[in-house]
Every structure is written in structure tokens, then in C-alpha cells.
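J.: Below you will find the structure I want to go over with you.
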Amino acid sequence: MTAIFDNRICKLGEGPLWHPERAQLFWFDILAKRLLSRKDGQDQEWQFGEHVSAAGWIDEDRLLIASETKLFEFNLKTETSQVLCPLDANDPTTRSNDGRTDPFGGFWIGTMGKNAEPGSGAIYRYYRGELRKLFPDITIPNAICFSPDGTRAYFADTTLQTIWYVAMDQAGWPSGKPEIFLDLSGEDLNPDGAVIDASGNLWNAQWGAHRVACYDAQGNFLEAIKFEAEQISCPAFGGADLTTLFATSAAIGMTGEADGKTYLSQTSARGQKEHRVTL
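Taking UniProt numbering, the leading residue of the sequence shown gets 1, the next gets one more, and so forth.
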């Protein structure tokens with residue numbers, strides 16, 4: 001059974017992150033340039049001057065946040081920011097999109113054209129002060145997530161309806177070429193954000209399909225959770241025992257009352273604890 005976690009309408013909800021030390025969910029409305037959360041039943045919100053889309057946690061009070069021009073450290077207690085490095089800062093046509101921290105503490109982040117211009121985006125990894133471009137020529141990067149044993153990274157290009165996996169070395173850098181994990185074009189499904197549970201199953205939000213679908217490590221379909229909102233954008237596991245699946249959605253282009261809200265569903269699966277960013 002699914003339920004509404006937060007009634008605030010996001011034009012483009014993205015990047016849900018369960019902070020394990022705060023026991024608190026954070027997420028973004030990319031187009032409204034804001035970070036949202038709830039604490040003790042109270043709404044929280046932080047406004048920024050440019051698009052923000054994804055985060056990793058550094059410690060109890062600090063997040064690494066990806067924006068359209070940079071990666072920066074944001075202190076939730078003092079509400080102050082410190083730039084870590086530029087991110088496509090010289091290209092005003094792009095912004096950040098999906099991102100997640102890997103088991104080694106590296107933060108992976110995708111960029112894309114603000115109008116989804118073909119091939120304008122890329123996937124980067126930030127690790128110990130270095131930002132390195134990993135995969136260029138991506139239109140809409142999504143589904144960045146990692147196997148529990150740290151041997152695989154996953155990512156998608158939504159426009160190609162494909163999710164790939166790539167082997168990772170002992171420092172978390174890709175080793176070898178990406179291989180197809182899921183080709184969803186035959187079902188006309190659009191892979192958006194994704195998360196891996198503790199058993200290695202991939203949970204993928206499928207834009208326009210009202211659902212988050214679960215696949216095992218071999219790419220076999222296991223189950224799907226249906227949501228009232230059509231444009232489900234990204235899942236995250238959280239809650240006290242990591243069995244709650246949260247999901248953001250987007251209201252852009254929609255007129256229904258369900259669209260743009262943030263949802264939850266209790267599952268029989270257990271998520272992984274989100275990894276800490278290594279600066």
C-alpha cells in the first residue's frame with residue numbers, strides 16, 4: 001500500500017536521500033530550485049539561486065549538493081555553503097540531474113541540457129577532491145546506484161530507455177566498458193532514478209508509468225509498486241529499518257491532484273544505508 005509522505009507539490013521532484021544519522025528524508029524540486037525535508041512532522045525548505053538536484057551526506061549537519069554550476073557543501077545548521085568544485089560552470093545550457101554516493105565515498109552526478117538537448121550531458125564522479133568525467137554524450141542521466149558489494153555501478157539514459165552496469169575497481173572508479181543491464185524499449189518504459197536494496201535488487205522509477213519496478217541482479221523483473229502519481233521520478237529506502245520506499249514525483253505537464261507529491265510504501269525489502277561522502 002502506498003501513501004502520501006509530503007503534500008507539497010514539486011514541479012520536478014528528484015534526489016530523495018535518507019540521512020542515516022538524522023533519520024530524515026531530504027529531496028529536491030529541481031525546477032523550483034529548492035531542497036525539502038520533514039522533521040518531527042514539520043515542513044522544512046531551503047531556497048537556492050540555481051537548480052539543485054541531488055545530494056550526499058558528509059556528516060550529521062553537512063550535505064554535498066549538486067547544482068547546475070557546482071558541487072557545494074551545505075550546512076543544514078548554519079545554512080551556509082562552501083563550493084567544492086565547478087560542475088559544467090561554463091555551460092549555461094546544462095544543469096545537474098540524478099546522483100548518489102558510492103560505497104567508497106565517491107559522489108556520482110549526471111548533467112543534462114536544460115531542454116534535454118541530445119548528448120549534452122555526462123556522468124561525473126567526485127572523490128577526494130577530484131571531479132572526473134566518466135561517461136560523456138548522455139541526454140538524460142538517471143538510475144545512478146551501486147551494488148552492495150561495491151563491484152558494480154548502474155546508470156541510465158532515459159531517452160534510450162536503457163540501464164547499463166559497469167564494473168568498479170577497488171577505489172570505486174569504473175573498470176571496463178558499460179554493458180546493458182536492462183533494455184526497456186520493448187516495453188516502452190522510461191527509466192528514471194533507481195536505488196539498490198541490501199539483496200542487490202534494483203528498484204527503478206519509471207517515468208510516465210505510475211510505478212517503481214524491482215529487478216534482480218540478473219535483470220529479471222520481480223515486482224512493481226504502483227503510485228497514484230504518473231511521473232514517479234526517483235526512489236530511496238529509509239525509515240527506522242530501511243524497509244520504507246520513498247518516491248518523488250513531478251507535476252510538470254500534469255494537472256492531477258496526485259502529481260508532484262512525495263510518496264512512501266512499506267516493502268518486504270530492506271534498503272542499504274546511504275553511503276557517506278568522502279571529501
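Using N, Cα and C, we set each Cβ at its ideal position, and we do this for glycine too.
1. Among G208, D183, G239, P20, which residue has its Cα nearest to the Cα of F221?
2. Is the distance from the Cβ of A54 to the Cβ of K70 below 9 Å?
3. Just list the residues that DSSP pairs D157 with in beta bridges.
4. Tell me which same chain residues have a C-beta within less than 7 Å of the C-beta of I252, skipping the five on either side of it?
5. Classify T267 as buried or exposed, calling it buried when 16 or more other Cβ atoms lie within 10 Å of its own Cβ.
6. How long is the line joining the alpha carbons of G200 and A153, rounded to whole angstroms?
7. Going by C-alpha to C-alpha distance, which of E230, L134, W164 sits closest to A143?
8. Excluding the five sequence neighbours on either side, which residues of its own chain have a C-beta within less than 8 Å of the C-beta of T139, listed in chain order?
9. Please classify G186: does DSSP put it in a helix, a strand, or coil?
10. Count the other C-beta atoms from every protein chain shown that fall within 10 angstroms of the C-beta of R62, then say buried if there are 16 or more, exposed otherwise.
11. Can you tell me whether S67 is buried or exposed, with buried defined as 16 or more other CB within 10 angstroms of its CB?
12. Could you spell out the range, first to last residue, of the beta strand (DSSP E) harbouring V83?
13. Going by Cα to Cα distance, which pick from G15, P16, Q24, T2 is closest to A240?
14. Do the segment 227 to 240 and the segment 208 to 216 make contact, defined as three or more Cβ pairs closer than 8 Å?
15. Can you tell me the Cα-Cα spacing of I9 and D43, whole angstroms?
16. Please give the ranges of any beta strand (DSSP E) in the segment 215 to 243, keeping only runs that are unbroken, at least 3 residues long and fully inside the region.
17. Expressed to the nearest angstrom, what Euclidean distance is found between the alpha-carbon atoms of I180 and W203?
18. State the CB to CB distance for the pair F104 and A171, rounded to an integer number of angstroms; the pair is presumed to be in contact (CB under 8 Å).
19. Per DSSP, K39 is paired with what?
20. What are the residues that DSSP puts in a beta bridge with W173?
21. Pull up the distance between the alpha-carbon of I4 and that of E187, whole angstroms please.
22. Mapping the DSSP letters down to three states, classify M168 as helix, strand or coil.
23. Just to confirm my understanding: we take G56, look at its own chain, exclude 5 residues before and 5 after, and list those with CB closer than 6 Å. What are they?
24. Using a 10 Å radius around the Cβ and a threshold of 16 neighbouring Cβ atoms, would you call R270 buried or exposed?
25. Spell out the partners DSSP gives P191 in its beta bridges.
26. If we count the other Cβ atoms within 10 Å of its Cβ and call it buried at 16 or more, is V83 buried or exposed?
27. Flag this pair as yes or no: are the beta carbons of R34 and F48 separated by less than 9 Å?
28. Would you kindly check if the distance between the Cβ of F26 and the Cβ of G15 is under 9 Å?
29. Between which two residues does the beta strand (DSSP E) carrying G13 extend?
T.: According to the structure data:
1. D183
2. no
3. P141, T162
4. K11, L12, L31
5. buried
6. 11 Å
7. W164
8. M112, G113, A116, E117, P118, G119, S120, G121, D157, T158, T159, L160
9. helix
10. buried
11. buried
12. 80 to 86
13. Q24
14. yes
15. 13 Å
16. 221 to 226, 232 to 238
17. 16 Å
18. 6 Å
19. Q42
20. Paired residue(s): none; W173 is not in a bridge.
21. 28 Å
22. strand
23. L64, T101, F107, V277
24. exposed
25. Q206
26. exposed
27. yes
28. yes
29. 13 to 19
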